[in-house]
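Residue numbers (the UniProt record's numbering), protein chains in the order written: chain E, 1 to 148; chain S, 1 to 148.
Think of the CB as a built atom: it goes at the ideal place given N, C-alpha and C, for glycine as much as any other residue.
Note that this is a predicted model, so its numbers are computed, not measured.
See structure below.
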DNA sequence: CTGATATCATTTGCATACGAATGAATTTGC
DNA sequence: GCAAATTCATTCGTATGCAAATGATATCAG
């Protein structure tokens with residue numbers, strides 16, 4: 001154990017501790033989650049899975065639109081989709097009338113992969129929340145949702 | 001507003017919603033924090049600041065040790081330290097007896113930078129936690145600390 | 001209808017982040 | 001005291017993540 005966390009606004013001009021800064025702890029929590037994810041799903045990254053899962057929910061969309069729905073900017077989503085395409089999980093197609101749009105959709109293999117991985121993804125969420133009781137976990141998810 | 005968050009373990013074989021998965025929300029929260037950080041401290045990244053702040057706390061250490069204290073692996077910390085060195089914020093020196101160690105320490109400019117930035121860093125934490133009440137923020141930091 | 005604006009995808013450059021491999025130096029085990 | 005194991009720093013490859021610039025296309029305003 002380290003020293004207890006200070007309350008926000010505590011010690012207005014007091015000492016500065018990195019481990020009390022939300023960004024630092026957020027970064028570590030994210031790293032831990034990514035490690036848990038990798039240990040359970042070795043051949044996809046969390047962003048790649050997010051793209052597949054969203055496509056599974058909503059069906060075909062444009063690349064940009066998909067990016068907005070999974071919180072990725074245009075440059076990032078392009079790389080993710082490129083890699084999913086090279087694996088055969090998604091297929092790309094130009095929009096009929098609006099020639100700017102690149103439509104992304106799941107292939108049969110992509111759909112199968114998502115269906116297999118969803119139970120694992122739920123396990124990953126549970127394992128990440130293992131340090132918390134059920135009550136704490138619900139509370140944490142509620143507050144985290146407000147922060148995000 | 002989207003649909004309310006499911007409790008953990010809710011709907012054992014129910015629907016899967018990306019926005020209920022802790023990793024996805026954690027990633028978004030982290031992104032939001034990085035954006036807030038960049039808006040207040042334009043010329044340093046959060047990992048760079050973490051390195052400077054830790055060096056300020058503890059003084060000279062080896063590059064690897066520093067990495068462990070700010071949750072960065074050896075490859076990552078090397079890049080961060082290289083960039084801080086090229087800005088004149090840290091200086092590097094070989095250990096006298098143990099020739100494997102690369103000692104990192106703050107320069108005068110680095111120390112000044114940290115002292116100027118610490119108040120801003122506190123503001124950044126506060127702004128990140130703005131969506132929460134004081135009570136919620138304290139609760140959130142407590143639970144986040146357990147997750148990390 | 002047409003010039004200004006906006007949107008979409010792409011590309012480039014930079015900064016984490018991690019696994020794996022490597023070489024140098026140190027410590028351990030026996 | 002010496003071979004084996006460990007530690008440290010570095011390098012390479014891959015994958016986000018974002019800002020900024022660009023070109024193609026679409027929409028809007030007058």
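Query: Strictly below 7 Å CB to CB, what residues from chain E border residue 136 (chain S)?; Result: 143
Query: Quick one: which residues of the segment 12-29 of chain S get their C-beta closer than 7 Å to a C-beta of chain E? List them in chain order.; Result: 16, 18, 21, 22, 23, 24, 25, 26, 27, 28, 29
Query: From residue 78 (chain S) to residue 64 (chain S), what distance separates their C-alpha atoms?; Result: 8 Å
Query: Taking its Cβ as the centre, do 16 or more other Cβ atoms sit within 10 Å of residue 92 (chain E), making it buried, or is it exposed?; Result: exposed
Query: What residues in its chain sit with their C-beta under 8 Å from that of residue 90 (chain S), if we drop five residues either side in the sequence?; Result: 51, 52, 55, 81, 84, 104, 105, 106, 107, 110
Query: Measuring only the C-alpha atoms, how far is residue 72 (chain E) from residue 66 (chain E)?; Result: 8 Å
Query: Let me confirm a value: residue 151 (chain E) is counted as buried when at least 16 other C-beta atoms fall within 10 Å, else exposed. Which label applies?; Result: Since the first residue shown for chain E is 1 and the last is 148, residue 151 (chain E) is missing from the structure and cannot be characterised.
Query: Quick check: the Cα distance between residue 69 (chain E) and residue 24 (chain S), rounded to an integer number of angstroms?; Result: 11 Å
Query: Measuring CA to CA, which of S:14, S:27, S:101, S:121 is closest to residue 47 (chain E)?; Result: S:27
Query: For residue 96 (chain S), count the other beta carbons within 10 Å of its own beta carbon; 16 or more makes it buried, fewer makes it exposed. Which is it?; Result: exposed
Query: Would you check if the distance between the CB atom of residue 36 (chain E) and the CB atom of residue 120 (chain E) is smaller than 8 Å?; Result: no
Query: Flag this pair as yes or no: are the beta carbons of residue 143 (chain S) and residue 136 (chain E) separated by less than 8 Å?; Result: yes
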